[in-house]
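Last residue of the sequence shown: number 778 in the UniProt record's numbering, and the count goes up by one each step with no gaps. First the structure, in the form of structure tokens, and then the observations on it.
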Amino acid sequence: MAEEPTSTLTKKSVTAASSTSGKPTKATSTASARQSQRMIRLGHLLTGASALGAALLSASGWGWVQLMESQALSTFFQLRGAMLPPKDIVILAIDDQSISVPEQYYKTDPHQYAYLEPLKSFPYKRAAYAQIITNLIKAGARSVALDVVFDTPSSYGVADDRQFQAALQKYGSKVTLAALYESSQTHQGNFLQLTQPQSMFRTGSVSIGSVNFPLEVDGRIHRLASEFPKLLAQEDILTTKLPSFGEAVLGAAQVNYPQPKGDRIYFWGHGGTFETIPLWYVLDPDNWNGYLQQGKVFKGKIVLIGATAQLSNDFHPVPISQNWLYPERMPGVEIHANAIATLMQGKAIAAAISSLPLRGLFVLLLVGGSAFIITRNKYGTQRFLFSLLLASVWGGISYGSFVYGELIFPTTVPIIAIALSGLSYLGSEVAKEKISKQQLVTIFQKYKSSPVVQEIISQQDDMQDLIHQRDLVVAGKILGGRYKIVKVLGAGGFSETYIAEDIQRPGNPQCVVKQLKPSNTKSESLELARRLFNSEAKTQEKLGTHSQIPQLLAFFEESQDFYLVQEYIVGHPLNKELLSGRVLEESAVIDILKDLLQILVFVHENGVIHRDIKPSNIIRRHSDWKLVLIDFGAVKEVTAQQLENQEQTAFTIGIGTKGYAPSEQCFGRPQYSSDIYAIGMIGIRALTGIATHQLDRDAEAELKWMHQAIVSQSLGDILSKMVLADFKERYQSALEVLAALDELASSDHTKSWSEKGESTNNESLEDTDSPTKPWVGV
1 MAEEPTSTLT KKSVTAASST SGKPTKATST ASARQSQRMI RLGHLLTGAS ALGAALLSAS
61 GWGWVQLMES QALSTFFQLR GAMLPPKDIV ILAIDDQSIS VPEQYYKTDP HQYAYLEPLK
121 SFPYKRAAYA QIITNLIKAG ARSVALDVVF DTPSSYGVAD DRQFQAALQK YGSKVTLAAL
181 YESSQTHQGN FLQLTQPQSM FRTGSVSIGS VNFPLEVDGR IHRLASEFPK LLAQEDILTT
241 KLPSFGEAVL GAAQVNYPQP KGDRIYFWGH GGTFETIPLW YVLDPDNWNG YLQQGKVFKG
301 KIVLIGATAQ LSNDFHPVPI SQNWLYPERM PGVEIHANAI ATLMQGKAIA AAISSLPLRG
361 LFVLLLVGGS AFIITRNKYG TQRFLFSLLL ASVWGGISYG SFVYGELIFP TTVPIIAIAL
421 SGLSYLGSEV AKEKISKQQL VTIFQKYKSS PVVQEIISQQ DDMQDLIHQR DLVVAGKILG
481 GRYKIVKVLG AGGFSETYIA EDIQRPGNPQ CVVKQLKPSN TKSESLELAR RLFNSEAKTQ
541 EKLGTHSQIP QLLAFFEESQ DFYLVQEYIV GHPLNKELLS GRVLEESAVI DILKDLLQIL
601 VFVHENGVIH RDIKPSNIIR RHSDWKLVLI DFGAVKEVTA QQLENQEQTA FTIGIGTKGY
661 APSEQCFGRP QYSSDIYAIG MIGIRALTGI ATHQLDRDAE AELKWMHQAI VSQSLGDILS
721 KMVLADFKER YQSALEVLAA LDELASSDHT KSWSEKGEST NNESLEDTDS PTKPWVGV
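This is the structure in structure tokens:
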């Protein structure tokens with residue numbers, strides 16, 4: 001896992017980079033600021049366009065806008081699910097059982113099952129309906145409604161019609177028949193005509209109602225049947241006005257219901273929600289006397305008679321179904337049951353804002369207000385996430401108004417517009433960042449020789465192509481008359497590092513060449529750089545005698561640049577072992593700590609503070625599996641002269657990496673215990689699998705980490721002391737830490753990493769680069 005550097009890609013960095021090259025950046029900064037302002041204005045413009053567009057769409061009433069809002073209503077029905085319907089509505093269904101069973105029984109024994117003779121074939125004799133009406137009314141049914149159109153003479157003869165007529169004459173005040181608006185085609189065109197029951201059945205006080213429902217743009221039935229004649233009246237094709245079937249049924253039942261506040265059906269549930277009884281039970285003595293309790297189940301109820309059998313074509317799409325993906329087709333008689341219950345209960349669903357202009361104004365205020373709230377967040381990503389939150393909140397409010405108030409607010413269009421507002425800001429910010437990054441890349445390309453620019457490039461993964469371009473420029477160049485550059489390894493800390501071949505040695509062995517670049521070539525600065533170069537060379541010379549620190553091979557000055565030639569270390573950086581989410585066993589962590597601390601003892605004994613110990617600056621050498629500490633470009637020798645002279649330069653202030661550099665080091669005052677802090681953080685990183693800069697701290701700025709690791713109390717205490725916020729409270733020497741680790745019981749620890757060899761490499765690095773790939777320590 002890549003370590004997060006303390007430096008960031010900012011305008012200040014660009015200014016510093018340009019200034020080191022002696023080039024002004026005021027014009028560039030102004031252009032960048034103008035471009036940023038343009039992107040911000042573009043975000044505001046797109047957000048305003050979303051609000052205005054949503055308002056105009058809502059006010060337009062266009063079909064596809066209605067379609068989206070109808071889909072929202074269907075979603076609300078699905079979320080709400082089925083509800084307990086009114087108990088005073090019963091469906092007497094002409095179902096598959098009522099069609100097949102009476103026919104089978106009658107054919108088996110016509111004498112025994114003579115009472116089923118009117119049901120022996122479908123369509124039934126009208127005498128069957130006459131007898132059913134008689135039985136239901138005598139049983140105390142409040143009203144009987146037949147969702148069947150009797151518009152032609154009976155195929156069983158006039159006597160059959162007479163029996164039905166007689167029943168209607170006797171009980172007509174409690175009976176409702178169906179009428180149907182049908183389209184017909186003639187040579188003059190298409191016409192809509194009303195098909196009513198035969199005139200002989202329109203006797204006495206029989207109620208008649210139309211069974212047509214208007215279809216919405218989504219192809220489903222949403223509105224009450226009473227809205228269908230209104231549509232015909234608007235088109236001036238209504239010739240005969242009838243009440244809807246539901247209104248006629250309630251009139252026959254003498255039910256006083258409130259004036260509907262809306263025009264949409266409140267569906268109680270999917271098919272089968274209302275109580276349904278097979279029609280043939282009414283004529284079968286066993287079922288009538290047993291299951292139906294001699295008809296008592298119908299007492300005081302409205303009974304709807306209609307087809308639910310699959311052979312019927314009376315099936316229509318509705319906004320509620322058992323399956324979310326596939327809309328359900330509900331029998332017409334069940335739709336009528338829902339519509340009648342809607343009127344009885346006063347639950348007709350209404351548009352909260354009926355006027356289209358007012359609806360548009362409402363949406364404008366809603367989306368505009370949401371956009372204003374969204375802009376309270378500073379960043380585009382936060383604005384986008386907050387827009388999704390606000391859109392969800394509005395969706396929840398709309399759903400609540402539907403469930404508890406039977407009101408429908410504009411939903412889909414505002415939700416989309418609010419989400420688009422956040423997306424507009426996110427898109428404009430992404431565009432702004434890309435433009436800014438491109439401007440920075442242009443500047444860096446122009447001033448890439450600047451040490452500050454090289455430092456910034458080395459810490460930005462998406463700018464490594466500039467290093468590759470640098471490869472093409474310097475590849476093959478010979479330094480000091482013997483070191484031929486092969487490739488650029490990286491840049492940073494006022495330096496550039498190469499892999500080179502020593503052409504004056506047999507076999508041209510590879511080495512690492514580090515070029516130190518002065519910030520400018522003025523004599524004073526050049527002399528300061530020369531002193532620092534000599535100091536680093538001396539430091540590397542004496543530290544390189546340790547087997548786990550790269551050896552200094554040569555150093556020289558050429559064309560006012562300074563070069564250190566160092567040993568080439570083949571291995572992999574320790575951060576390849578400390579992957580995010582992966583934790584190491586305690587024994588392995590102790591081995592790492594001891595290995596590093598033993599190197600640190602030697603470094604500190606030579607009066608040096610490394611100041612940038614982190615996993616990427618530690619190489620696991622493949623030849624012996626030892627850890628090698630690299631990159632001493634940030635060292636600071638501790639001498640009496642430096643303690644007396646508090647003058648600080650750009651070469652010594654705040655060097656380190658976020659998560660591994662303690663506070664005193666960030667303020668330019670490193671201590672020996674600063675390196676101990678960094679090694680402690682590496683141990684914690686290995687035990688928790690969490691990036692060090694992501695760990696929390698308490699009110700005293702102390703690290704909170706042990707609850708996120710499986711670690712013994714003794715090792716946990718040692719690590720916690722290594723990383724205390726106050727450097728005076730930490731271990732003051734690496735020897736103290738080693739002594740504390742030696743006191744830990746060794747019986748529970750497995751063999752050390754240095755003993756595991758190649759097998760450990762294969763197990764722990766199976767998803768990293770192959771060990772044969774060179775990782776170079778400098």
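No residue lacks a Cβ here, since even glycine has one placed at the ideal position from N, Cα and C.
Residues sharing a beta bridge with Leu627, DSSP: Paired residue(s): Arg620.
Gly420 classed as buried or exposed, judged by whether at least 16 other C-beta atoms fall within 10 angstroms: Correcting the residue type first, residue 420 is Leu in the shown sequence and not Gly. It counts as buried.
Residue range of the beta strand (DSSP E) that includes His572: Where His572 is concerned, the enclosing beta strand (DSSP E) stretches over Gly571 to Pro573.
Cβ neighbours of Phe384 in the same chain (closer than 7 Å, five flanking residues each side left out): Counting only Cβ-Cβ distances below 7 Å, and skipping sequence neighbours, we find Gly422, Leu423, Tyr425 and Leu426.
Boundaries (first-last residue) of the alpha helix (DSSP H) holding His316: Run containing His316: none in the alpha helix (DSSP H); it sits in the beta strand (DSSP E), Phe315 to Pro317.
Every unbroken beta strand (DSSP E) inside the segment 263 to 311 [3 residues or more]: Counting only runs of 3+ residues, the beta strand (DSSP E) found wholly inside the segment 263 to 311 occupies 275 to 278 and 302 to 307, in chain order.
Identity of the residue in His316, Phe267 and Ser50 nearest Leu79 by Cα: The shortest C-alpha separation from Leu79 is found at Phe267.
CB contact flag (Thr411, Ala72, <7 Å): Cβ atoms of Thr411 and Ala72: closer than 7 Å.
For Tyr568, the three-state DSSP class (helix, strand or coil): Annotated three-state conformation of Tyr568 is coil, per DSSP.
Span of the alpha helix (DSSP H), counted from its first residue to its last, around Ala127: Unbroken alpha helix (DSSP H) run through Ala127: Arg126 to Lys138.
Where Gly209 sits in the DSSP three-state scheme: In the structure shown, Gly209 adopts extended strand secondary structure according to DSSP, grouped into three states.
Counted within 10 angstroms of its Cβ, other Cβ atoms place Glu758 as buried (16 or more) or exposed: With a pLDDT of only 41 at Glu758, under the threshold of 50, the placement of this residue in the model should not be trusted, and no figure is reported.
Burial state of Val158, where buried means 16 or more other Cβ atoms lie within 10 Å: That one is exposed.
Among Ser205, Gly140 and Ala178, the one whose alpha carbon lies nearest that of Gln293: The residue with the shortest Cα to Cα distance from Gln293 is Gly140.
Cβ pair Ala337, Ile91 closer than 7 Å: Taking 7 Å as the Cβ cut-off, Ala337 and Ile91 qualify as a contacting pair.
Best match in Arg126, Phe77 and Gln131 for proximity to Val149 [C-alpha to C-alpha]: From the listed residues Arg126, Phe77 and Gln131, the smallest Cα separation to Val149 is found for Arg126.
Close Cβ partners of Ala128 (< 8 Å) along its chain, the five nearest in sequence each way excluded: Spatial neighbours of Ala128 in its own chain (CB-CB distance under 8 Å, excluding positions within 5 residues in sequence) are listed in chain order as Pro118, Leu119 and Leu283.
CB of Gly172 within 7 Å of CB of Ser205, strictly: Result yes, Cβ atoms of Gly172 and Ser205 sit closer than 7 Å.
Classification of Asp698 by the beta-carbon crowding that lies within 10 angstroms, buried from 16 upward: Of the other Cβ atoms in all chains shown, fewer than 16 fall within 10 Å of the Cβ of Asp698; this residue is therefore exposed.
C-beta contact flag for Ile133 and Ala166 at 7 Å: The answer is no: Cβ separation not under 7 Å.
Whether Ala352 touches Leu390 by CB criterion (7 Å): Contact flag unset, no.
DSSP state of Asp591 mapped onto helix, strand, coil: DSSP, reduced to helix, strand and coil, places Asp591 within a helical segment of the structure shown.
Beta-ladder partner(s) of Ile349, from DSSP: In the DSSP output, where bridge partners are listed per residue, Ile349 has Arg264.
Buried versus exposed, by CB contacts within 10 Å (16 or more), Glu755: At Glu755, the pLDDT of 45 sits below 50, so the modelled position is not reliable; the number obtained from the coordinates is stated separately. Only exposed fits Glu755, as fewer than 16 other CB atoms lie within 10 angstroms of its CB.
Three-state class that DSSP yields for Ala225 in the structure shown: Coil.
Helix, strand or coil at Ser495 according to DSSP, with G and I counted as helix: Strand.
Three-way DSSP call (helix, strand, coil) for Phe727 in this model: Helix, per DSSP.
C-beta atoms of Ser495 and Leu526 nearer than 7 Å: No.
Buried or exposed (CB count within 10 angstroms, at least 16 for buried), Tyr379: Looking at its Cβ environment, which holds fewer than 16 other Cβ atoms inside 10 Å, Tyr379 is exposed.
Residue from Asp96, Ser70, Glu558 and Pro123 with nearest C-alpha to Tyr483: When each option's Cα is compared against that of Tyr483, the closest is Glu558.
Beta carbon of Ile679 nearer than 7 Å to that of Leu738: Cβ distance not < 7 Å, so Ile679 and Leu738 don't count as in contact.
In DSSP terms, what Glu182 is bridged to: According to DSSP, Glu182 bridges with Gln193.
Beta-bridge partners of Glu117, as assigned by DSSP: According to DSSP, which records beta bridges pairwise, Glu117 is partnered with nothing at all.
Asp147 beta carbon less than 7 Å from that of Val333: A contact, by the Cβ cut-off of 7 Å.
Of the listed residues Gly48, Val711, Asp742 and Leu741, nearest to Phe372 (C-alpha basis): Ranking Gly48, Val711, Asp742 and Leu741 by Cα distance to Phe372 puts Gly48 first.
Residue span of the alpha helix (DSSP H) that contains Val158, given as start and end: Where Val158 is concerned, the enclosing alpha helix (DSSP H) starts and stops at Val158 to Tyr171.
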